[in-house]
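With my numbering applied, the sequence shown corresponds to residues 64 to 406, in that order. The beta-carbon is built from N, C-alpha and C at its ideal position, and this holds for glycine as well. Written out below as structure tokens is the structure these notes cover.
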Amino acid sequence: MSKTITLGEFIMDRQAAFPFVSGQLTRLLTDIGVASKIVNHQVNRAGLAGILGESGSVNIQDEAQQKLDVFADQTFMRILSVGGSVAGIGSEEQEDPILCGDEGKTGKYIVLIDPLDGSSNVDVNVSIGTIFSIQRRKTPMGEPLTEQDFLQAGTHQIASGYILYGSSTMLVYTTGTGVNGFTLDPAVGEFFLSHPAMTFPEKGRIYSVNDALLDKCSEPTRIFVEGCRQTRGARFRARYIGSLVADFHRNLIHGGIYLYPSLIKKPNGKLRLLYECAPLAFIAEQAGGMALDDDGRVMDRIPTELHQRSPYYVGNKNLVQAFMASQLAEKNPAMNTVPQREN
Ligand code: P6P
Numbered sequence: 064m065s066k067t068i069t070l071g072e073f074i075m076d077r078q079a080a081f082p083f084v085s086g087q088l089t090r091l092l093t094d095i096g097v098a099s100k101i102v103n104h105q106v107n108r109a110g111l112a113g114i115l116g117e118s119g120s121v122n123i124q125d126e127a128q129q130k131l132d133v134f135a136d137q138t139f140m141r142i143l144s145v146g147g148s149v150a151g152i153g154s155e156e157q158e159d160p161i162l163c164g165d166e167g168k169t170g171k172y173i174v175l176i177d178p179l180d181g182s183s184n185v186d187v188n189v190s191i192g193t194i195f196s197i198q199r200r201k202t203p204m205g206e207p208l209t210e211q212d213f214l215q216a217g218t219h220q221i222a223s224g225y226i227l228y229g230s231s232t233m234l235v236y237t238t239g240t241g242v243n244g245f246t247l248d249p250a251v252g253e254f255f256l257s258h259p260a261m262t263f264p265e266k267g268r269i270y271s272v273n274d275a276l277l278d279k280c281s282e283p284t285r286i287f288v289e290g291c292r293q294t295r296g297a298r299f300r301a302r303y304i305g306s307l308v309a310d311f312h313r314n315l316i317h318g319g320i321y322l323y324p325s326l327i328k329k330p331n332g333k334l335r336l337l338y339e340c341a342p343l344a345f346i347a348e349q350a351g352g353m354a355l356d357d358d359g360r361v362m363d364r365i366p367t368e369l370h371q372r373s374p375y376y377v378g379n380k381n382l383v384q385a386f387m388a389s390q391l392a393e394k395n396p397a398m399n400t401v402p403q404r405e406n
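Here is the structure:
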């Protein structure tokens, strides 16, 4: 039986393939693993530790901060800012970026993070997650960071990933050479490689969208979802947890598409580009899938502000392409398509 490899061993093995690296990315990925174990411990005991519910504060999104939101944000900030690899952190929970290491003059990397996405589900024991994106600083070392260090396209990402605090806790990440998943063994406090070389199944049969929004989105989106619903053999299933990381992870394993569309009153939808859409888009593309917004590939989008939102359609390539065909059909009815019968 082959030896089960830990996250740390995997990261070190991968570094060995790049002899000229400084080891800062290795340290950063390791620190993310450490922070996620601490957050996982609190998430698992939230009901017992009296840290359920709202903290009484609101974040930049004007969303009530759950106590665990604040704890997760503080934990990742604390651990990532002292490791020496990070120059600055942009967090969903912080209005402005946090500068690390001598006002951001040291540290090679920029981290964009949603410390605890879907946290409103904590009180009802539904899976939640952390999403992270790692960029290389643009400003030379020794100089203070600028806004542009944080506003980079998804194609510049050095790494991205998520931690899913669910029935088991998993860390899934990519550095641009495929996607690998690690499952935490709480008995020894180690992440072990459990899902090597993750890819979407060839075809997907799940669509994930908030049905209550459909009367607020575009006609083509409604046409696409209706196409998924049609019973003529498509055999689609509707699955929507209301926790992006959980929905994304299920669709990565079983195949499907997640949609958070542009809405009449929210043309940019709800999800945030830098620390939700772009990092999961990197994972999706590395796993053979696709991630689009209303104008094309999410990874190409150059942000103009830290907390900007984006319509989001991500999952199996065949389903995302069918969705976009339904969007284009609005302009050219002859192109109208609905997902085809699964063989
Ligand atoms: P709605 C959670 O707040 C989140 O950002 C994602 O995790 C989730 O997929 C989405 O919003 C749910 O939004 O409008 O369907 O409740």
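- Counting the other Cβ atoms within 10 Å of the Cβ of Thr238 gives 16 or more, which makes it buried.
- In the same chain as Asp132, and ignoring 5 residues on each side of it, the C-beta atoms closer than 8 Å to its own belong to Ser118, Asn122, Glu156, Pro178, Leu179, Ser182, in chain order.
- Rounded to the nearest whole angstrom, the CA to CA distance from Arg298 to Asn314 is 15 Å.
- Just so you know, the alpha carbons of Ile194 and Leu334 end up roughly 12 Å apart.
- Residue environment analysis places Lys130 among the buried positions, since at least 16 neighbouring C-beta atoms fall within 10 angstroms of its C-beta.
- For Val121, there is no enclosing alpha helix (DSSP H); the residue is part of the beta strand (DSSP E) that begins and ends at 117-121.
- Between Gln220 and Ala341, the C-beta spacing is below 8 Å.
- Distance from the Cα of Ser190 is smallest, within the candidate group Lys266, Leu70, Asp125, Ile226, for Ile226.
- If you check the C-beta of Leu307 against the ligand P6P, you find a heavy atom less than 7 Å away.
- For Gly146, the closest alpha carbon among the candidates Asp136, Ala135, Glu126, Thr169 is that of Thr169.
- Cβ contact annotation for Thr93 (same chain, cutoff 7 Å, sequence separation greater than five): Gly71, Ile74, in chain order.
- Taking 8 Å as the cut-off, the Cβ atoms of Leu234 and Gly224 count as close.
- A contact between stretches requires three or more CB pairs, one per stretch, nearer than 8 Å, and the segment 250-261 fails this requirement with the segment 366-384.
- The beta-bridge partner set that DSSP reports for Arg300 consists of Ile269.
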